[in-house]
Amino acid sequence: MTDLSVAKTVTRQGLDVEAVRRDFPILTQCINNKPLVYLDNGASAQKPIAVLDAMDRYYREMHSNVHRGAHTLGDRATAAFEGARETVRGFLNAASTREIIWTRGTTEAINLVANGLAGKLQPDDEILVSRMEHHANIVPWQMLAERTGAKVVPVQVTHEGELDLDSFDQLLNDKTRILALTHVSNVLGTVNPIKSLVAKAKARGVFTVVDGAQAVPHFQPDVQAIDCDFYTFSAHKLFGPTGIGVLYGREALLEAMPPYQGGGEMIERVSFEKTTWNTLPYKFEAGTPAIAEAVGLGAAIDYLGTLDRVAMEAAEQALLARANALVATVPGMEVIGTARHKVPVMSFKIAGLHPSDIGTLLDQQGIAIRTGHHCAMPLMEFFGVPGTARASFAFYNTLDEVEQLFTALQKIQRLFA
Numbered sequence: 186m187t188d189l190s191v192a193k194t195v196t197r198q199g200l201d202v203e204a205v206r207r208d209f210p211i212l213t214q215c216i217n218n219k220p221l222v223y224l225d226n227g228a229s230a231q232k233p234i235a236v237l238d239a240m241d242r243y244y245r246e247m248h249s250n251v252h253r254g255a256h257t258l259g260d261r262a263t264a265a266f267e268g269a270r271e272t273v274r275g276f277l278n279a280a281s282t283r284e285i286i287w288t289r290g291t292t293e294a295i296n297l298v299a300n301g302l303a304g305k306l307q308p309d310d311e312i313l314v315s316r317m318e319h320h321a322n323i324v325p326w327q328m329l330a331e332r333t334g335a336k337v338v339p340v341q342v343t344h345e346g347e348l349d350l351d352s353f354d355q356l357l358n359d360k361t362r363i364l365a366l367t368h369v370s371n372v373l374g375t376v377n378p379i380k381s382l383v384a385k386a387k388a389r390g391v392f393t394v395v396d397g398a399q400a401v402p403h404f405q406p407d408v409q410a411i412d413c414d415f416y417t418f419s420a421h422k423l424f425g426p427t428g429i430g431v432l433y434g435r436e437a438l439l440e441a442m443p444p445y446q447g448g449g450e451m452i453e454r455v456s457f458e459k460t461t462w463n464t465l466p467y468k469f470e471a472g473t474p475a476i477a478e479a480v481g482l483g484a485a486i487d488y489l490g491t492l493d494r495v496a497m498e499a500a501e502q503a504l505l506a507r508a509n510a511l512v513a514t515v516p517g518m519e520v521i522g523t524a525r526h527k528v529p530v531m532s533f534k535i536a537g538l539h540p541s542d543i544g545t546l547l548d549q550q551g552i553a554i555r556t557g558h559h560c561a562m563p564l565m566e567f568f569g570v571p572g573t574a575r576a577s578f579a580f581y582n583t584l585d586e587v588e589q590l591f592t593a594l595q596k597i598q599r600l601f602a
C-alpha cells in the first residue's frame, strides 16, 4: 500500500492556505473529537469572517427596508443593497446592474427564466439539456414542456463524464428553442466548453441558459465573453449566505419577459383598472428582498477579490491531482467522471460499500463529504449506480486533508475487506 506521507510533488505557491483558513472560523472546530475536514463544498461552501461581519454590521447599524424609507437607515440599507448588486455586476462582467436580478438561488432563477420564456414556445419545440444536469436545470423545463407541448431532449455524456459533443451537434436543430446547460457538473466536476456551445446555439437563434452554480466558486465567469442570454448562481456556493442567488439576463430579453411574481416593489402603479410594472431589475423582485444576504454576497465577492484567483485555481488543481494520485491506494475505489477539464470534485464508489456507509464512517473520523444521487438521477442511471460518495474541495482545503481522506478510506476498506 502506498505511503500517504510521501513528499508532495505539487506546491501551492501564491496562496497562503493557513492564513486563508484563519478567515473561516468554522474550520477550527472538532467533529467526533477529530479536527474537521470539510469536503462538502459542492453542496455549500463555508463563510469567511468578512461575510459574517458584513451581515452582522448590516443588522446592527443599518437595517431597514430598501428603496422607500425616507430616513437615514433606509438610505444606508439601500446603498449597501444596491452596492452589492454592482459588485455582482462587476464579478460577472454584466453590462448593467439592470441585468442583475436577485433570486432565492439558482433554482428560482431557472424557474423564473422558464416562466418568462413560456410564450416563446410552440408545441413540438425542443428544449435541449444534458444528462449531467442538476434536477434544478431539468424539472423546470419539464414543467414548461408540459404547459406548452414542447419536448425536453437530453444531450448524452461519455463514460469519462464529458459532454458528448457529437450528440450535441446532432440534437441541436431547427426545432431547438432553448439550450439549458450547466457550466460545471456538480457530480463530475466537468467543465463544459460553454462558450462554443452557446455560440452554436445562438447561431440558430436559440435562447441560452447557463447554470453557473458550480462554476463560480472555482473561477470567475464573464457573461459578455460567454455571450449567453442568462446565467445564474447561488450565493452559498460562492462562500456567501444561503437564501439568495443571482440571475443575469440580457437586458432586452428581461425587458420583454413578463414578471415572475406580483406584489410590492415590482410595480410602478396599481389600480383596479390596470397595473404597470417597475423598471429593471425591480420588475422581477417582488416583496421585501433578502437584504442582509445580498450584503453578505457582496462581501464574499469582495473577499475573493483580495486573493489571487490564479493561485486559488492552481491550489485547487493541486488538491485534485493529489486525490487522483491516491485513488490507487484504496482497493476497489473507482472515480466516476474522469474528464480532462475538471474542478476539484471527486465522485467515487468503493466495491462492496454503500455510499451512505462511507459518508457515515468518514464523519466518525471528522471528515464531511456528500453521498447519494446529488440531485442528478439521470446521470446516476447512465453510470448504473444508485449514488456516489463525493468529496468536493475548496481553496481553503489542504493537501494534508486530502491525505486524511484517503487514510480514512483505507481504514474503512480494510474493515469491510
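What the sequence shown shows, in our numbering, is residues 186 to 602, in sequence order. Glycine included, C-beta positions come from ideal geometry on N, C-alpha and C. Bear in mind that the values here come from a model prediction, so they are computed numbers and not experimental data.
In the structure shown, Y445 falls within a coil segment according to DSSP collapsed to helix, strand and coil. The beta-carbon distance between V376 and V383, rounded to whole angstroms, is 14 Å. This is too long to meet the 8 Å contact definition. Between the C-alpha atoms of G227 and Q399 there is a straight-line separation of about 7 Å. Ranked by how close their Cα comes to the Cα of L356, the residues I312, W462, R575 have I312 in first place. When DSSP states are grouped into helix, strand and coil, M247 belongs to the coil group. A503 sits buried, since 16 or more C-beta atoms from the chains shown fall within 10 Å of its C-beta.
Assigned with DSSP and collapsed to three states, V222 falls in strand. A299 sits away from A484, with the two beta carbons spaced by 9 Å or more. In this structure V251 is buried. Its beta-carbon is surrounded by 16 or more other beta-carbon atoms within 10 angstroms. The three-state reading of DSSP puts T375 in strand, counting E and B together. Taking T523 as reference, the option from K219, T343, V337, I285 with the minimal CA-CA separation is T343.
Scanning its chain for C-beta atoms nearer than 7 Å, with the 5 sequence neighbours on each side dropped, one finds no residue around R207.
Cβ-Cβ distances below 7 Å link G551 to C215, I216, N217, K219, P220, L221, V222 in the same chain, with the five nearest sequence neighbours on each side left out; the list follows chain order. If you look at R289, you'll find it isn't in any alpha helix (DSSP H); DSSP assigns it neither H nor E. For M451, there is no enclosing beta strand (DSSP E), as DSSP gives it neither H nor E. Nearest neighbour of G569 by Cα position, chosen from A321, L258, L224, H558, turns out to be H558. In the three-state scheme derived from DSSP, where H, G and I count as helix and E and B as strand, K336 is classed as strand.
Contact check for L492 against L200 passes: the beta carbons are separated by less than 9 Å.
Contact between Y243 and V455 does not hold, since their C-beta atoms are separated by about 30 Å, which reaches or exceeds 8 Å.
Rounded to the nearest angstrom, the Cβ distance from T288 to V431 is 7 Å, consistent with a contact under 8 Å. Counting other Cβ atoms within 10 Å of its Cβ, L306 reaches 16 or more and is therefore classed as buried.
Three or more beta-carbon pairs drawn from the region 408-422 and the region 433-445 are found closer than 8 Å, and the two stretches are therefore classed as touching. For the pair K534 and T573, the CB atoms are nearer than the 9 Å cut-off. With a threshold of 16 other beta carbon atoms within 10 Å, E458 falls short and is exposed. In the DSSP assignment, L432 falls outside any alpha helix (DSSP H) and within the unbroken beta strand (DSSP E) covering 430-434. Taking a C-beta distance under 9 Å as the contact criterion, A279 and V408 qualify as a contact pair. Burial is judged here by how many other beta carbons sit within 10 angstroms of a residue's own beta carbon; A388 has fewer than 16 and is exposed.
Looking only at D359, K360, P339, D310, the smallest Cα-Cα distance to F353 is reached by P339.
Secondary structure of F418 (DSSP, three-state): strand.
With respect to the 9 Å criterion, V394 and I285 are not classified as neighbours on the basis of their beta carbons. Collapsing the DSSP output to three states places G397 in coil.
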